[in-house]
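A.B. asks: Dropping a structure here in structure tokens format, bear with me for questions.
Protein chains: 2
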Amino acid sequence: MNAYSSLERRFARLDALSDAAGILGWDCQTLMPDGAADGRADQLATLHGLAHEILTASETADALAAVEEGALDPWQRANLQEMRRVHAHASAVPGDLVEASSRAISKAEMVWREARAQTDFAMLLPYLAEVLRLQREIGTIKGAALGLQPYDALLDAYDPGMRRATIDPLFSELRARLPGLVARARERQAREPAPLPLDGPFPVEGQRRLGLALMGALGFDFTRGRLDISLHPFCGGATDDVRITTRYDEADFGRALMGVLHETGHALYEQGCPGAWRHQPVGKARGMSLHESQSLIVEMQACRSPEFFEFLAPLVREEFGRDGAPWTPENLHRLHTRVEPGFIRVDADEATYPAHILLRYDLESAMIAGDLAVADLPGAFNDGMADLLGLTVPNDRVGCLQDIHWPSGAWGYFPTYTLGAMAAAQLFDSAKQAEPGILPGLARGDFGPLRGWLRAQVHEKGSLLGTDAVLEQATGASLGTEAFLAHLDTRYGATA
Amino acid sequence: MNAYSSLERRFARLDALSDAAGILGWDCQTLMPDGAADGRADQLATLHGLAHEILTASETADALAAVEEGALDPWQRANLQEMRRVHAHASAVPGDLVEASSRAISKAEMVWREARAQTDFAMLLPYLAEVLRLQREIGTIKGAALGLQPYDALLDAYDPGMRRATIDPLFSELRARLPGLVARARERQAREPAPLPLDGPFPVEGQRRLGLALMGALGFDFTRGRLDISLHPFCGGATDDVRITTRYDEADFGRALMGVLHETGHALYEQGCPGAWRHQPVGKARGMSLHESQSLIVEMQACRSPEFFEFLAPLVREEFGRDGAPWTPENLHRLHTRVEPGFIRVDADEATYPAHILLRYDLESAMIAGDLAVADLPGAFNDGMADLLGLTVPNDRVGCLQDIHWPSGAWGYFPTYTLGAMAAAQLFDSAKQAEPGILPGLARGDFGPLRGWLRAQVHEKGSLLGTDAVLEQATGASLGTEAFLAHLDTRYGATA
């Protein structure tokens, strides 16, 4: 077996471990009884520790050094490059630090559930502080090895090649332009009659049927995935077993519905990655900004268009046995495109959502840099909400306890949400130009034209190219704020 | 770290891998979409392969050789002995054979589901033949290392110390005495008026509530376990996460109910093992015969007693909103203690059940010995059913395709069901003598006295003692057929 083949075999084994951890992680958030938490933490720590051992074994480094690149085709070369990137990240961090971090995260996630339910930040504090301590250690060690600042080193694990130096000017533009845009959108809303409310309750079983029907219309492959329930919706699972979750509110079906559409966008990316490479690094989704662009192109670009509500309105009328003025496509569209500052990030509209991200990006950058202590997080979070959205946070449950990301060790992840929103707007513009059938298709529930374009331009590329190269090939430009801001201006009619 | 401590650490890691595989295996049989089967097979094969590498690493053998036994307490000494036993089993088999077997089993299990649904043995044949080929190879290699015949070597993995030489005379006694006992029980039944049938349907949700209520009464710890649905009921999961399953039939609630009681018996053993040792070999349940004794002491000894039906009758009347003559404790008891030869092992009454086991024991012994080819299994199975129970098997779905054991690589497992039934009768006799409150407790749904005796005599011993030593300490005798045959005679009033 030559060096490259031995590496493919080694990385396929790592993928099996990663898939196993993916299913165990899904189970942890959906079904696992509380008393199993310590054991599950041990299991995940063991899997991560073993993967780390395999990845950083001297045989891996030797094989990476021994590969003759000239003999490889472009996919193999890209695969080798990804192997080297993953190896560089892993070999920078000692195994006991990896296991300690995995264990601290599992515990903090469990405590977070309880602390959030009880609105008790003090309960979470020591566990979150331990997760942060280990993240800072990892960021520092990786940064030294990769020649990056600690925050960039963490960010690079979620979004290869992304740097604060790229993000900061983009986010500055948003910070400068969004408050005015939000104000204008709200002024316009205030001038118009309010949309008619929908009277609940909407039984969970009906909401679930509706979600499954829309997943089917979008092209979700149910032989390789599932829909379940968790407190914090996510897309997880394994390579051929993509598991998305939602949570249901009987008073409001839109929340679960839009959540399912969002996670289905992620799932289509996972299920559309190049099948022949699916257990190799090059066969994986490119990074979290592009991943988020796929969820948002479905949820925000396609499924908040007026056309989509033509398709949706009769479905929801039939499922819930309702009719009349509140159930027209127009009223449903207006209900789902309201701009209204609120406390909860995952419930935010797309115009105020970036403010939640700007805040979290600032706070986590400061915590990683050592400029903000975990004990001071609630105050800083609440100050930021007042500053960015003009809101007074009444308690930590709807404040800094609302997200699982920090307890779960996902530091450097938050900015990818808004980078993804920008990429989604940019991609959707190009998609509509290339495929005029996309918008008329949405009105009939035919997502084929959009899915086909995304498959070819994004999904099937896996990690063959970098994020920027994908965007440049698909849209002719690097990631920018123009398409996103123009989209918001157009949708919310807020141009001066 | 001394040699013994390093071994404890190593075996805790192995336990985490085993627990991870337990949850993934549970998921495979309950929730996993079909298209995920190949990937799941890779995941399980990788976990088993890594566990095998850790167990057979030279460091493990070196540490096992270096331990100073004199410095150990009795639990540690028993733990060391278990480590040596597990190590001897594993080090006999090369890693690639372990991975190949795991992969073949995962595939055969998936094909079995389809083959059974379609009553198509030919579909399963090549996959089952491959599983058998690998089991024979494993049995031969292990047998050579452990000084055992291949079948005994496989059996020893499920029931340490059990041998064909022990089983054969016990099973001969059953073979000699059971047909007459069954005939007499049926003659008596024929003389009496038939029990009144219960009119369905019985909604799944109500059956599930009932099952959960009984699990609670038995003392199942829901913070460390769950109840779910699978085609073939089982007790699996992980150390602090015991997952039992059942399947529901709306025409007959008794089937799922008794299945839940059976699996809860297994679960109580798992949840009752000594907590301080729960991630070490000595902290595990002793073996499958004793494990089955715990499921059957609940299902057959306790929960088919007249006393239990005093407790059950009002519960089922209320859950299903029924009343009248069919719903008296007496009628329910008679319905659940019918003797009637049938095709399906898991639905068999306790008097005809051993015949199903005698047949499978003969067949799997012959297949492992090379005296029966998989292609000839359906014919041999059907001949055996005619011989042992006087039944003509109409198709393989209710014949040799009914059980998952052979496709899932559990060769040498079947005899433990009937050895367990014998042990259950023996243990229940001693329990009732020691704790006169047991039977009156059952009538009130108070399982405390029985559970307390089992905790002390069986569960809390983990693997400190051998199966026979446990039975001798608890009952004053080795495993025999007397208590079991006497129990059947008494219950079915079939004494001549």
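Read top to bottom, the protein sequences are chains X and U. The first sequence begins at 0 in numbering that gives the first Met the number 0 and counts up by one. The second sequence begins at 0 in numbering that gives the first Met the number 0 and counts up by one. Idealized CB from N, CA, C, for every residue including glycine. Since we're looking at a predicted model, the values are computed, not measured.
1) Shorter than 7 Å from the beta carbon of residue 419/X to some beta carbon of chain U?
2) Can you tell me where the beta strand (DSSP E) holding residue 240/X begins and where it ends?
3) What residues from chain U crowd round residue 222/X, counting only those whose CB sits closer than 9 Å?
4) Between the segment 10-28 of chain U and chain X, which residues of the former have a C-beta closer than 7 Å to a C-beta of the latter?
5) Out of 355/U, 18/U, 400/U, which has the shortest C-alpha to C-alpha gap to residue 389/U?
6) Return the residues of the segment 38-52 of chain U that lie within a Cβ-Cβ distance of less than 9 Å from chain X, sorted by chain order.
7) Starting from the C-beta of residue 234/X, find all residues in its chain whose C-beta is less than 6 Å away, skip the five residues before and the five after it, and write them out in chain order.
8) At what residues does the beta strand (DSSP E) containing residue 237/U begin and finish?
9) On the CB-based measure, 16 or more other CB atoms within 10 Å of its CB, does residue 134/X come out buried or exposed?
10) Kindly list the residues whose CB is nearer than 6 Å to the CB of residue 17/U, restricted to its own chain and excluding five residues on each side of it in sequence; keep chain order.
11) Which runs of the alpha helix (DSSP H) fall wholly inside the segment 312-348 of chain X and span at least 4 residues, in chain order?
12) Between residue 238/U and chain X, is there a C-beta pair that is closer than 7 Å?
13) Enumerate in chain order the residues of its own chain whose CB-to-CB distance from residue 247/U is below 6 Å, with the five nearest sequence positions on each side excluded.
14) Tell me the residue span of the beta strand (DSSP E) that contains residue 224/X.
15) Can you list, in chain order, the residues of the segment 101-129 of chain U whose Cβ is nearer than 8 Å to any Cβ on chain X?
16) Using only alpha-carbon positions, find the residue among 85/U, 331/U, 42/U, 72/U that is nearest to residue 59/U.
17) Beta carbon of residue 296/X, beta carbon of residue 463/X: below 7 Å?
18) Quick check on residue 201/X: does DSSP put it in helix, strand or coil?
19) I'd like the span of the alpha helix (DSSP H) that includes residue 91/U, first residue to last.
20) Let's see if you can read the secondary structure: which residues bound the alpha helix (DSSP H) around residue 47/U?
21) What did DSSP end up calling residue 78/U once you bin it into helix, strand or coil?
22) Mind listing the chain X neighbours of residue 225/U? Cutoff is C-beta to C-beta under 7 Å, in chain order.
23) For a quick check, are the C-beta atoms of residue 15/X and residue 33/U less than 7 Å apart?
24) Please confirm whether any heavy atom of the ligand COA lies closer than 6 Å to the CB of residue 390/U.
25) Which class does residue 511/U belong to by DSSP, given the choice of helix, strand or coil?
26) Quick check: the Cα distance between residue 407/X and residue 108/X, rounded to an integer number of angstroms?
27) At the level of alpha carbons, what is the spacing between residue 148/X and residue 404/X?
28) So, with DSSP's three-state summary, where would you put residue 381/U?
29) Terminal residues of the continuous alpha helix (DSSP H) containing residue 250/X?
30) Could you work out which residue in 94/U, 12/U, 115/U, 75/U is closest to residue 395/U when comparing CA atoms only?
31) Which same chain residues end up closer than 7 Å to residue 1/U when comparing Cβ atoms and leaving out the 5 residues on each side of it in sequence?
C.D. replies: Quick look at the numbers:
1) Along the first sequence, read from residue 1 onward, the residue named residue 419/X stands at position 420. So no, residue 419/X is outside the interface.
2) Locating residue 240/X in the first sequence gives position 241, counting from the first residue. In the DSSP assignment, residue 240/X falls within the unbroken beta strand (DSSP E) covering 240-245.
3) In the first sequence, the residue the question calls residue 222/X occupies position 223. Within chain U, 32, 33, 34, 35 have C-beta atoms less than 9 Å from the C-beta of residue 222/X, given in sequence order.
4) Hits within the stretch, in order: 12, 15, 16, 18, 19, 22, 23, 26.
5) The residue you call residue 389/U lines up with position 390 of the second sequence. Closest option to residue 389/U, Cα to Cα, is 355/U.
6) For the segment 38-52 of chain U, which is checked against every Cβ of chain X, the residues closer than 9 Å are 38, 39, 41, 42, 43, 44, 45, 46, 48, 49.
7) Here residue 234/X corresponds to residue number 235 of the first sequence, with the count starting at 1. Excluding residues within five positions, the ones whose Cβ falls inside 6 Å are 243, 262, 265, 266.
8) By 1-based counting over the second sequence, the position of residue 237/U is 238. Element bounds for residue 237/U: 234-237.
9) As a working mapping, residue 134/X is identified with position 135 in the first sequence. Counting Cβ neighbours within 10 Å, residue 134/X comes out buried, since at least 16 surround it.
10) Along the second sequence, read from residue 1 onward, the residue named residue 17/U stands at position 18. Its chain contains no residue whose beta carbon lies nearer than 6 Å to that of residue 17/U once the 5 sequence neighbours on both sides are disregarded.
11) For the segment 312-348 of chain X, whole alpha helix (DSSP H) runs of length 4 or above, ordered along the chain, are 328-334.
12) Stepping through the second sequence from its first residue, residue 238/U is reached at position 239. Against chain X, the CB of residue 238/U has a partner CB under 7 Å away; the residue lies at that interface.
13) Start at 1 with the first residue of the second sequence, and residue 247/U comes out as number 248. For residue 247/U, where only same-chain residues beyond five positions count, the Cβ hits under 6 Å are 203, 206, 255.
14) Taking the first sequence and counting its residues from 1, one reaches residue 224/X at position 225. 224-228 is the extent of the beta strand (DSSP E) around residue 224/X.
15) Within the segment 101-129 of chain U, no residue has a Cβ that lies closer than 8 Å to any Cβ of chain X.
16) Within the second sequence, residue 59/U is the residue found at index 60, counting from 1. When C-alpha distances from residue 59/U are compared across 85/U, 331/U, 42/U, 72/U, the shortest belongs to 85/U.
17) Translated into positions along the first sequence, residue 296/X becomes position 297. Translated into positions along the first sequence, residue 463/X becomes position 464. Not closer than 7 Å, so no.
18) Looking up residue 201/X in the first sequence gives position 202. Coil, per DSSP.
19) As a first step, residue 91/U is located in the second sequence; it is residue number 92 there, counting from the start. No alpha helix (DSSP H) contains residue 91/U, which DSSP labels as neither H nor E.
20) Taking the second sequence and counting its residues from 1, one reaches residue 47/U at position 48. Segment 36-55, the alpha helix (DSSP H) holding residue 47/U.
21) Counting from 1 along the second sequence, the entry for residue 78/U is found at position 79. If DSSP states are grouped into helix, strand and coil, residue 78/U belongs with the helices.
22) Residue mapping note: residue 225/U aligns to position 226 of the second sequence, counting from 1. Correct list: 30, 32.
23) Walking along the first sequence from the start, residue 15/X turns up at place 16. Walking along the second sequence from the start, residue 33/U turns up at place 34. The beta carbons of residue 15/X and residue 33/U sit no closer together than 7 Å.
24) Ligands are entirely absent from the displayed structure, and the ligand COA is therefore not among its contents.
25) The structure shown does not extend to residue 511/U, since chain U is modelled only from 0 through 495, so no value can be given for it.
26) Counted from its first residue, the first sequence places residue 407/X at position 408. Counted from its first residue, the first sequence places residue 108/X at position 109. Going by the C-alpha atoms only, they are around 6 Å apart.
27) Sequence index remark: in the first sequence, residue 148/X carries index 149 (1-based). Sequence index remark: in the first sequence, residue 404/X carries index 405 (1-based). Cα to Cα, the separation comes out at about 21 Å.
28) Numbered from its first residue, the second sequence carries residue 381/U at position 382. Residue state, collapsed to three classes: helix.
29) Position 251 of the first sequence, counting from 1, holds the residue named residue 250/X. No residue range can be given for residue 250/X, since it is assigned to no alpha helix (DSSP H) and is classified by DSSP as neither H nor E.
30) The residue you call residue 395/U lines up with position 396 of the second sequence. Selected option, being the one with the closest Cα: 115/U.
31) As a working note, residue 1/U is residue 2 in the second sequence. Closer than 7 Å at the Cβ level, and outside the excluded window around residue 1/U, lies no residue.
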